[in-house]
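Since the structure comes first, as structure tokens, the remarks are kept for the end.
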Amino acid sequence: MTSDKNWEELGRKNLESENDIVMARQLVRHYAKQLRMGIVDQTRVTTAVSELLRNMYNYAGGGEIKIFSGLVDEKDALIITCSDSGPGIEDLELAMSDGYTSGMGMGYGLPGAKRLVDRFEIQSKVNVGTTVRIIKWR
Amino acid sequence: MSEKHNITNIKKRIDRIEDILAAVAAGDLDARINSETEDDLSGIEAAIDLLIDDLTDELKQREKMQKEVEDKLSKIQEQQKTIVQQQEDLLELSSPVSKVWDNVLILPVIGTLDSQRTQIMMENLLEKIVETGCTISILDITGVPTVDTQVANHLLKTVTSARLLGAECIISGISPAIAQTIVHLGIDLSSIKTKATLQDAMIFAMRQNKRTDDIKLQSLYINPNEKEE
Ligand SMILES: Nc1ncnc2c1ncn2[C@@H]1O[C@H](COP(=O)(O)OP(=O)(O)OP(=O)(O)O)[C@@H](O)[C@H]1O
Ligand SMILES: [Mg+2]
Chain A
1 MTSDKNWEEL GRKNLESEND IVMARQLVRH YAKQLRMGIV DQTRVTTAVS ELLRNMYNYA
61 GGGEIKIFSG LVDEKDALII TCSDSGPGIE DLELAMSDGY TSGMGMGYGL PGAKRLVDRF
121 EIQSKVNVGT TVRIIKWR
Chain B
1 MSEKHNITNI KKRIDRIEDI LAAVAAGDLD ARINSETEDD LSGIEAAIDL LIDDLTDELK
61 QREKMQKEVE DKLSKIQEQQ KTIVQQQEDL LELSSPVSKV WDNVLILPVI GTLDSQRTQI
121 MMENLLEKIV ETGCTISILD ITGVPTVDTQ VANHLLKTVT SARLLGAECI ISGISPAIAQ
181 TIVHLGIDLS SIKTKATLQD AMIFAMRQNK RTDDIKLQSL YINPNEKEE
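See below:
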């Protein structure tokens, strides 16, 4: 997974309740705005984060979000990591495909989030947890 | 006093100490030795009485504190109940459905749509549809900052349920940024009638109303006796 010691951590939040999703989303929008991203990009990255957080809440019972700003491939970027210690995803390819849901969802959360950002990295291990990192150029 | 008499006496007093201690242990906090003699043993007896006094005080103190804590707890629980009630009231308030025009309901949605709120919102709307018999309802989401798959899913379900009750839903107030986001997410909202603004939705609803009225008039004209039956 892409990572860099020189990224500046802007904020982080533990996710325990549905209300934390709202607060984390507001945090992301706040920093996106602060980094002077336009309204469309703010909305896209906030919505992508909303999908990841809802998944963490629904399937892993919670998790953590961290927000960074820094350079990726020498470009200024907003970097967001969502990680949980939930059941993990057995078949990543299946989970990433449009319309697949193991529950009552629409199955567009993960593939949709990927389309909303510039870079999308997912790692998952059964019984260990799932980490998703999304990157949006500024 | 003979040696033997003395020993019997001391044994009696030790028995009494044992009895008193047993009584205290069993919960009788008023039991005391209250020795009347003055000798080596009476010092111990007095000390034991003092110890029981201390113990009694402490127990009473603890009981008092426990009662205070219980009182406070029940007060907090009372307050919590009020807060929950207020939250529920607020939820109801935040999804006000109103009949704004003949046959037209409007539900302005403001803020975040979590599953609980959406549930209440949907119930309110469906109830109102049945109650008023309105056949057009407008869901205005101008005040919703984020539309993700869950919110879209809830909206789709609401529209489908309303349709089953004979009402058509129009969703208005989708901003350009949210429209783009929905497209990228891949959600298909094409089965829903959408309008950019609440005003557009109102105009559409009124036209629709007029059309229904026209059709009613027409059928009245074709079959003028229909009304009599
Ligand atoms: N953090 C996670 N931990 C465990 N399983 C997950 C996690 N995130 C996603 N999944 C699995 O991947 C599937 C696909 O996720 P996705 O977000 O695309 O769809 P969904 O959540 O089912 O529905 P939607 O997001 O459209 O409401 C989920 O149904 C779930 O089984
Ligand atoms: Mg999802």
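Chain order of the listed sequences is A and B.
Okay, so the first sequence: first residue is 1 according to my numbering, each after it adds one.
Okay, so the second sequence: first residue is 1 according to my numbering, each after it adds one.
Just so it is clear, CB atoms sit at the ideal spot from N, CA and C, and this is done for glycine as well.
Assign residue i to one of three DSSP states: helix, strand, or coil.
i: B/Ala26; result: coil
i: B/Ile33; result: coil
i: B/Leu217; result: helix
i: B/Gly143; result: strand
i: B/Val104; result: strand
i: A/Arg119; result: strand
i: A/Arg133; result: strand
i: B/Glu228; result: Because the pLDDT of B/Glu228 is 46, which lies under 50, any placement of that residue in the model is unreliable, and the number read from its coordinates should be weighed accordingly. In this structure, B/Glu228 counts as coil in the three-state DSSP scheme.
i: B/Thr135; result: coil
i: B/Ser238; result: Here chain B comprises residues numbered 1 to 229, so residue 238 of chain B is not present and cannot be evaluated.
i: B/Ile48; result: helix
i: B/Val109; result: strand
i: A/Ser124; result: strand
i: B/Glu68; result: helix
i: B/Ser42; result: helix
i: A/Met104; result: coil
i: B/Asp15; result: helix
i: A/Asp138; result: Note that residue 138 of chain A corresponds to Arg in the displayed sequence, not to Asp. Looking at A/Arg138 - three-state DSSP - the assignment turns out to be coil, as it is neither helix nor strand.
Using 8 Å as the threshold, is the C-beta distance between residue i and residue j below it?
i: A/Arg25; j: A/Ser50; result: yes
i: B/Gly173; j: B/Thr132; result: no
i: A/Ile79; j: A/Ile135; result: yes
i: B/Thr158; j: B/Leu125; result: yes
i: A/Asp41; j: A/Ala32; result: yes
i: A/Thr194; j: A/Val28; result: With chain A covering 1 to 138 only, the question about residue 194 of chain A has no answer from this structure.
i: B/Arg13; j: B/Leu41; result: yes
i: B/Ala46; j: B/Ser35; result: yes
i: A/Gly63; j: A/Cys82; result: yes
i: A/Gly88; j: A/Gly129; result: yes
i: B/Leu90; j: B/Asp140; result: no
i: A/Lys114; j: A/Met96; result: yes
i: A/Gly53; j: A/Ile65; result: According to the sequence provided, residue 53 of chain A is Leu. The question's Gly does not apply to it. Taking 8 Å as the Cβ cut-off, A/Leu53 and A/Ile65 qualify as a contacting pair.
i: A/Trp137; j: A/Gly70; result: no
i: B/Glu168; j: B/Thr135; result: yes
Give the range of the alpha helix (DSSP H) segment to which residue i is assigned.
i: A/Asp76; result: Segment Lys75 to Asp84 is the beta strand (DSSP E) holding A/Asp76; no alpha helix (DSSP H) there.
i: B/Leu126; result: Ser115 to Thr132
i: A/Arg115; result: Gly109 to Leu116
i: B/Ser161; result: Thr149 to Leu164
i: A/Ser50; result: Ile39 to Ala60
i: A/Gly64; result: Note on identity: in this sequence residue 64 of chain A is Glu, with Gly being the wrong assignment. First-last for A/Glu64: Gly63 to Val72, but that is the beta strand (DSSP E), not the alpha helix (DSSP H).
i: A/Ile21; result: Glu18 to Gln34
i: B/Ile178; result: Pro176 to Leu185
i: A/Glu93; result: Leu92 to Ala95
Grab the span of the beta strand (DSSP E) containing residue i for me, first residue to last.
i: A/Gly11; result: Glu8 to Leu15
i: A/Lys5; result: Segment: none, A/Lys5 is in no beta strand (DSSP E) and carries neither H nor E.
i: B/Glu168; result: Glu168 to Ser172
i: B/Thr194; result: Lys193 to Lys195
Would you decide whether residue i is buried or exposed? Buried here means 16 or more other CB atoms lie within 10 Å of its CB.
i: B/Asp148; result: buried
i: B/Thr181; result: buried
i: B/Asp150; result: Just to set this straight, residue 150 of chain B is Gln in the shown sequence, not Asp. The residue in question, B/Gln150, is buried, as its Cβ has 16 or more Cβ neighbours within 10 Å.
i: B/Ser137; result: buried
i: A/Arg12; result: exposed
i: B/Thr160; result: exposed
i: B/Thr8; result: exposed
i: B/His5; result: exposed
i: A/Asp84; result: buried
i: B/Met122; result: buried
i: B/Met202; result: buried
i: A/Met37; result: buried
i: A/Met23; result: exposed
i: B/Leu217; result: exposed
i: B/Val130; result: exposed
i: B/Pro176; result: exposed
i: B/Thr194; result: buried
i: B/Thr212; result: exposed
i: B/Val183; result: exposed
i: B/Glu229; result: Only weak support exists for where B/Glu229 lies, its pLDDT of 42 falling under 50; the coordinates are left without a value.
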